[in-house]
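For reference, each letter of the sequence shown is one residue, going 2 to 763 in the working numbering.
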Amino acid sequence: EIEAKSEREYVAPRNETEEQICKVFADVLGLEKVGIKDNFFEMGGHSLRATRVINQIEKVTGVRLALKTIFSNSTPEGLSARVLEESGTQYEPIPKAKEKAYYPMSSTQKRTYLINQMEDGGTAYNMPQNYRMTGDVQAEKLQRALEGMMERHEILRTRFLMVDGEPVQKIERQMKADFTYEESDQPEAELMQDFLKPFDLEKGPLVRIKAVKRETDYLLLIDMHHIVSDGMSMGVFLQEYSGLYRGDTLTPITKQYKDYSEWMRTRDLRRQREYWVNEFSDEAPVLDLPYDFKRPQEQSYAGAMVGTPIRKEIREKIGELCQKTGATEYMVLLAGFMVLLHKYSRQEDVVVGSPISGRTHKDTEQMLGMFINTLGMRGRPTVDKPFIEFLKEVKETALNAYEHQEYPFEELVEAVEVRRDMSRNPLFDVMFVLQNNEEKSLEMSDVKLEQTGVASTVAKFDLTLSMGATRDGYWAGLEYCTALFTEETAKGILSHFEELLEQITIHPNQTIGEVEIITKKERNCILKEFNDTYAEYPRDKTIVDLFEEQVAKTPENIAVVFEEERISYRELNRKANQLAEKLRQEGVGPDQFVAILAERSIEMIVGIYGILKAGGAYVPMDPAYPEDRIEYMLSDCKPKAVVTYKATVKTEIPVIDLTDASVFTGEGENLIHVNTPNNLIYVIYTSGTTGKPKGVMIEHQGVSNLRNYFVQSLKVTERDSILQFSNQAFDGSVWDLTMGLLTGATLYVVSDEKINDTNYMS
Numbered sequence: 002e003i004e005a006k007s008e009r010e011y012v013a014p015r016n017e018t019e020e021q022i023c024k025v026f027a028d029v030l031g032l033e034k035v036g037i038k039d040n041f042f043e044m045g046g047h048s049l050r051a052t053r054v055i056n057q058i059e060k061v062t063g064v065r066l067a068l069k070t071i072f073s074n075s076t077p078e079g080l081s082a083r084v085l086e087e088s089g090t091q092y093e094p095i096p097k098a099k100e101k102a103y104y105p106m107s108s109t110q111k112r113t114y115l116i117n118q119m120e121d122g123g124t125a126y127n128m129p130q131n132y133r134m135t136g137d138v139q140a141e142k143l144q145r146a147l148e149g150m151m152e153r154h155e156i157l158r159t160r161f162l163m164v165d166g167e168p169v170q171k172i173e174r175q176m177k178a179d180f181t182y183e184e185s186d187q188p189e190a191e192l193m194q195d196f197l198k199p200f201d202l203e204k205g206p207l208v209r210i211k212a213v214k215r216e217t218d219y220l221l222l223i224d225m226h227h228i229v230s231d232g233m234s235m236g237v238f239l240q241e242y243s244g245l246y247r248g249d250t251l252t253p254i255t256k257q258y259k260d261y262s263e264w265m266r267t268r269d270l271r272r273q274r275e276y277w278v279n280e281f282s283d284e285a286p287v288l289d290l291p292y293d294f295k296r297p298q299e300q301s302y303a304g305a306m307v308g309t310p311i312r313k314e315i316r317e318k319i320g321e322l323c324q325k326t327g328a329t330e331y332m333v334l335l336a337g338f339m340v341l342l343h344k345y346s347r348q349e350d351v352v353v354g355s356p357i358s359g360r361t362h363k364d365t366e367q368m369l370g371m372f373i374n375t376l377g378m379r380g381r382p383t384v385d386k387p388f389i390e391f392l393k394e395v396k397e398t399a400l401n402a403y404e405h406q407e408y409p410f411e412e413l414v415e416a417v418e419v420r421r422d423m424s425r426n427p428l429f430d431v432m433f434v435l436q437n438n439e440e441k442s443l444e445m446s447d448v449k450l451e452q453t454g455v456a457s458t459v460a461k462f463d464l465t466l467s468m469g470a471t472r473d474g475y476w477a478g479l480e481y482c483t484a485l486f487t488e489e490t491a492k493g494i495l496s497h498f499e500e501l502l503e504q505i506t507i508h509p510n511q512t513i514g515e516v517e518i519i520t521k522k523e524r525n526c527i528l529k530e531f532n533d534t535y536a537e538y539p540r541d542k543t544i545v546d547l548f549e550e551q552v553a554k555t556p557e558n559i560a561v562v563f564e565e566e567r568i569s570y571r572e573l574n575r576k577a578n579q580l581a582e583k584l585r586q587e588g589v590g591p592d593q594f595v596a597i598l599a600e601r602s603i604e605m606i607v608g609i610y611g612i613l614k615a616g617g618a619y620v621p622m623d624p625a626y627p628e629d630r631i632e633y634m635l636s637d638c639k640p641k642a643v644v645t646y647k648a649t650v651k652t653e654i655p656v657i658d659l660t661d662a663s664v665f666t667g668e669g670e671n672l673i674h675v676n677t678p679n680n681l682i683y684v685i686y687t688s689g690t691t692g693k694p695k696g697v698m699i700e701h702q703g704v705s706n707l708r709n710y711f712v713q714s715l716k717v718t719e720r721d722s723i724l725q726f727s728n729q730a731f732d733g734s735v736w737d738l739t740m741g742l743l744t745g746a747t748l749y750v751v752s753d754e755k756i757n758d759t760n761y762m763s
């Protein structure tokens, strides 16, 4: 357990106001006594507890302080001075609402009701809790306790329906409790799955409990609909339900949820509305994350959850950063999450949804109902901004949001420009939640209870990051939409978040652009495993050697296909040898260039291999190139000869036309090899967009290495087909040579006309 204490020497209150505030601190923080110099946040305070402090100070002093006051005056001494400055106002309790047949729904209830109608009563807004019980469990007392809770809280016997086109809530004087008991040997997961089902909002009740007796224990399954409950309400429910089971006498309730919702309708929230409308005066950005799947046309609520512990050292570092900056853990974690989203999306304007209790009045603290509101936290994590500066911005954003938290999110959506999209939530697609509700659980005499996990199958948002403090650091859970992300991706997001938290707490002054999110394991994989490409390959062989070996192995296999024409490995080799004889007569030898201008065709492949067999290096030139480009390339590489097919060229260099039948004469036997693996195989010219084209020279051994990679890694075999399909005649010619004709596969050459034929492409 965390031991809450102050390192300061105790200083007693000096006046009534200081004494009142010290008692408020002690009550909220669970301490015996607090001195006027003790710091609220150093003793375990956070934003939710700060709201309770402000509410209680208002009740005991009659003065309503702004929530941000406690962040700048975090001791009883400082707050007392502010109370005395603001004195003169009177604490006003929430008035009792007039009795009537129907009451309008609150804004949050209305939105939940409409979503429930659109989703046809799904389980997206169910709030299940499951407990394993051992001991003297009495089912009758469990049922009576539920009946007592429904009698005690009007919201548990409220129905939600449409009357004259308006969504309203109707409170029933009595409603039968939905309690069931059974004995079963079904697996626990199946029992929970059967128990979780949609509620009927129009009929009620909207809480159900089931007790299941098993061979050695009991299961207690509790489910409530979000429209009548929230996180704090569930805590109050569990505490009071336990008390009724034990037979305790509970303090009577004087105010009900309808009193709160009617009171809220009288509140002047124009100043709060102005703040939020100004915050979203320019259109909220749509977060563009790298999804694993295409986003469905309508929003999917199918979800799952992954989780991970985050080390104690990181939490301690966050605590140090909080003391240095005056921020809370929530603010540091939210700022870190925004930076993570920036890293994934490369966006410098990010909106994250975040829930807030909404209980801004002392009278609401023990009520059941849906008080929770959603805040749209907007941050601008730019690359050149130091993280600590960004944290200060997030702190200010959070404090302002707390101060204006009563303005309903649903009304904000209507008040600002929001791009309507049935596949997304309005304003934001990700949520961040810091679980800091006061922990309350079932405590029943003679019964031992253990809460069991509920596997999440619902995702209201693309991503919801939930965090809670533990003895060993934090527990981080990521709820993700399974229609968008895989489990592997979700786990990766959590690991990147932990890495990011470590970096920003150790080096908070580094810029956001300098923050890295890849883990040590990923860094090792990228730098070492991905680059571990060492493999043996025939270093002593040229492409001519490898090609002739393949010809000897599969002479009758089809080597190249072009439209209706086909040529075997034997015939391709014979023609290449005949062309090579002609080229050698022109003086072609090792490291000497031969230009080739050819339309896509079998003859183009014959020309390439003929040049190689002569011992030269080919220089591909697209016949569609501008005349001055071809002239420049010829003058730059100074080829011994030019090989053409259905192309013309103006040059003094000897030209061999592959349409000339006299080229292909003689026996066509393999020639004596004259080049080595270190000789050039080809020269490819760059586009020349930054100036003159430049020729890149490639040796035989480089292509031989590449060919070996495709054989071993891509498993290209003689049974495969390779398609040469690009918008330039010689684009990708290296791939054709290696993957195709050096492996025994069949090379399909597609003509330029077919490439530009839309029907063929489709």
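No residue lacks a Cβ here, since even glycine has one placed at the ideal position from N, Cα and C.
Check: Backbone secondary structure at residue 582 - three-state DSSP; Outcome: helix
Check: Close Cβ partners of residue 638 (< 8 angstroms) along its chain, the five nearest in sequence each way excluded; Outcome: 594, 596, 620, 684 and 696
Check: Closest Cα partner of residue 131 within the set 194, 123 and 46; Outcome: 194
Check: Alpha-carbon spacing of residue 164 relative to residue 18, whole angstroms; Outcome: 49 angstroms
Check: C-alpha gap between residue 403 and residue 277, whole angstroms; Outcome: 11 angstroms
Check: Simplified DSSP state of residue 262, which is helix, strand or coil; Outcome: helix
Check: Pair within 9 angstroms by beta-carbon distance, residue 370 and residue 258; Outcome: yes
Check: For residue 179, three-class secondary structure by DSSP; Outcome: strand
Check: Contact set for residue 80: own chain, Cβ-Cβ below 6 angstroms, skip 5 residues either direction; Outcome: 22 and 74
Check: Residue 390 (DSSP reduced to helix, strand or coil); Outcome: helix
Check: Sequence-distant residues of its chain with Cβ nearer than 7 angstroms to residue 83 (five each side left out); Outcome: 66, 70 and 74
Check: Which of helix, strand or coil DSSP assigns to residue 495; Outcome: helix
Check: Nearest-angstrom beta carbon gap, residue 338 and residue 433 [assumed within contact, 8 angstroms]; Outcome: 5 angstroms
Check: Three or more C-beta pairs below 8 angstroms linking the segment 597-604 and the segment 643-655; Outcome: yes
Check: Residue ranges of each beta strand (DSSP E) within the segment 595-673, 3 or longer; Outcome: 618-622, 642-646 and 656-658
Check: Three-state secondary structure assigned by DSSP to residue 224; Outcome: strand
Check: Where residue 728 falls, given that 16 or more other Cβ within 10 Å makes a residue buried; Outcome: Model confidence at residue 728 stands at a pLDDT of 47, short of 50, so the residue's coordinates are unreliable and nothing is read from them.
Check: Beta-carbon spacing of residue 35, residue 24 below 9 angstroms; Outcome: yes
Check: Assigned secondary structure, residue 519 (DSSP; H/G/I helix, E/B strand, else coil); Outcome: coil
Check: Rounded C-alpha distance that separates residue 713 from residue 541; Outcome: 18 angstroms
Check: Nearest neighbour of residue 244, chosen from 581, 317, 288 and 142 [CA to CA]; Outcome: 142
Check: Ordered list of beta strand (DSSP E) runs contained in the segment 295-379, each at least 3 residues; Outcome: 304-311 and 351-357
Check: Meets three-Cβ-pair contact criterion under 8 angstroms: the segment 317-327 and the segment 502-514; Outcome: yes
Check: Which residues DSSP lists as bridging residue 467, in chain order; Outcome: 434 and 478
Check: Top-ranked residue by Cα proximity to residue 680, from 703, 279 and 145; Outcome: 703
Check: For residue 629 and residue 568, the rounded distance between their alpha carbons; Outcome: 35 angstroms
Check: DSSP state of residue 570 mapped onto helix, strand, coil; Outcome: helix
Check: Own chain, CB closer than 6 angstroms to residue 611, minus 5 neighbours either side, in chain order; Outcome: 577, 580 and 581
Check: Reduced DSSP secondary structure (H/G/I, E/B, other) of residue 749; Outcome: strand
Check: Bridge partner(s) assigned by DSSP for residue 1; Outcome: Residue 1 falls outside the range modelled here, since the chain spans only 2 to 763, and no answer is possible.
Check: Distance between beta carbons of residue 416 and residue 274, contact taken as under 8 angstroms; Outcome: 7 angstroms
Check: C-alpha gap between residue 16 and residue 10, whole angstroms; Outcome: 18 angstroms
Check: Cβ-Cβ separation, residue 513 to residue 678 (assumed contact under 8 angstroms), whole Å; Outcome: No, residue 678 and residue 513 are not in contact; Cβ-Cβ is about 49 angstroms, not under 8 angstroms.
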